[in-house]
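In the UniProt record's numbering, the protein residues as written are 1 to 318. To start, the structure itself, in C-alpha cells.
As C-alpha cells, this is what we get:
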C-alpha cells in the first residue's frame, strides 16, 4: 500500500512577522510519526525577511508554497492597521482559497486575510488590542473581540499569540481526532482544550488564591467525571458559594461550570471512542452521561455528529 500523502501546511512570513506567531504552527505541525504533516515556511519570495522584535527570517520558499498547501497560516505582523501586504501576496492568498486551501490567521494576521476580502460577511477575531481597528477598517467583518479563535470553515482567525496554539490544536482535533490533539498538547505542555469561545483576557484581576482554588477544583472534577457532579459539588470543593463559583468560573474560563463539565465529558468520550472498543453505553457511563441515548444527544448537539460516526471517522479500521 502506498504511504498516504502528508497534509501540507504553509506558514506565510510577512514583513514585521512576530516570532512566536511564526513558530507556533511551524512547531505544532512539524513532521513526525504522530503528525502526518509537511510544513514549508515561505514569504513573498525566498530569502531574508525583516521580522518583529529584533528577529529576521531566512525562508526557503516563495509564494509557490501557497499553491502547494492544504492549509496556510498567516502569522501576526507589526503595524497591521497601517500597512497591507503586497498585492501579489493578497492575490496568492485569494488563489489558495479559491482552489480549496484553508486559511488561518494568528493574531494580527487577520488583517492580511481581511485585505483579501475573504473575511467579508464572516465572523472573525484578532488580538484584543486591534479588534476595534479591524472592525473600523473592514466594516463588513463581524469582529468578535471576546473569543480566542473563530472557525468559519474555509477561514480561521485567532487572538494573540498563545491562542494560536489553541487554534492549531483545534485544527488537529478536526483532522486527526482528540487523542492526537491531546498528544500534541502534552508535547507542547499546553492546555489540551480551550474553547474558541473562551475570553481573551479577564476584565479584572481574580485574587490568586481563588484562581488556584478553582484550577484545583477543575482537576478534581476531571478525575471524577463518572460521578453525578453538580454545581453545589464544585462550589463546595472550591469552598465558595455556588453563586460566587459560577461568576468567577465564567470570568476565568469564558463559560459556565456545567458547560465546561459537559465539554470535558465529551472530550473524554471522544478519546475513548478513538482508542477503545468499549460500547457507546459503557462510554456514556464512564464519562458520567448515564446512557447511550444521553451521550448521542449531547454529541449531536455539540459536535454535530453521532458517537458511531465519530468512531468510524477517527478509527477507520474499527
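Think of the CB as a built atom: it goes at the ideal place given N, C-alpha and C, for glycine as much as any other residue.
Check                                                                                                                            : Outcome
Own chain partners of residue 370 with C-beta closer than 8 Å, once the 5 adjacent residues on each side are dropped             : Any property of residue 370 remains undetermined from this structure, which presents the chain solely from 1 to 318.
Length of the line joining the Cα atoms of residue 257 and residue 97                                                            : 38 Å
Residue 48 classed as buried or exposed, judged by whether at least 16 other C-beta atoms fall within 10 angstroms               : exposed
Of the listed residues 295, 162, 185, nearest to residue 18 (C-alpha basis)                                                      : 162
Beta-carbon contacts of residue 80 that lie in its chain and below 6 Å, excluding the five residues immediately before and after : 108, 111
Under 7 Å between C-beta atoms of residue 74 and residue 13                                                                      : no
Cβ neighbours of residue 76 in the same chain (closer than 6 Å, five flanking residues each side left out)                       : 18, 21, 106, 107, 108, 109
Neighbourhood of residue 179 by C-beta distance below 7 Å, restricted to the same chain and skipping five residues each side     : 271, 274, 275
Alpha carbon of residue 291 to alpha carbon of residue 284, nearest angstrom                                                     : 5 Å
Cα-Cα separation, residue 311 to residue 254                                                                                     : 29 Å
Per-residue burial, residue 120 [other beta carbons within 10 Å of its own, 16 or more giving buried]                            : exposed
Contact under 7 Å by Cβ, residue 265 with residue 303                                                                            : no
CB contact below 7 Å: residue 45 versus chain B                                                                                  : Although the question refers to chain B, the structure presented lacks it and comprises just one protein chain.
Local Cβ density within 10 Å of residue 158, reported as buried at 16 or more and exposed below that                             : buried
Same chain, Cβ closer than 6 Å to residue 71, five either side skipped, listed in chain order                                    : 9, 102
According to DSSP, residues forming a beta bridge with residue 103                                                               : 72, 155
Which listed residue (99, 27, 287, 88) has its alpha carbon closest to that of residue 227                                       : 287
DSSP state of residue 226 mapped onto helix, strand, coil                                                                        : coil
Extent of the continuous alpha helix (DSSP H) run through residue 90                                                             : 87 to 98
Runs of beta strand (DSSP E) wholly within the stretch 131 to 185 (minimum 3 residues, chain order)                              : 149 to 151, 155 to 158
Close-in-space but distant-in-sequence residues of the same chain around residue 183 (CB under 7 Å, 5 per side omitted)          : 34
Whole runs of the beta strand (DSSP E) within the stretch 15 to 62, excluding any shorter than 3 residues                        : 37 to 42, 47 to 50, 56 to 59
Given residue 53 as reference, the closest of 16, 185, 91, 138 once Cα atoms are compared                                        : 16
Bounding residues of the beta strand (DSSP E) (the contiguous stretch that carries residue 10)                                   : 7 to 12
Nearest to residue 11 (by Cα), restricted to the options 55, 239, 32, 61                                                         : 61
Proximity of residue 94 and residue 126 at Cβ, strictly below 7 Å                                                                : no
Collapsed DSSP secondary structure at residue 123 in the structure displayed                                                     : strand
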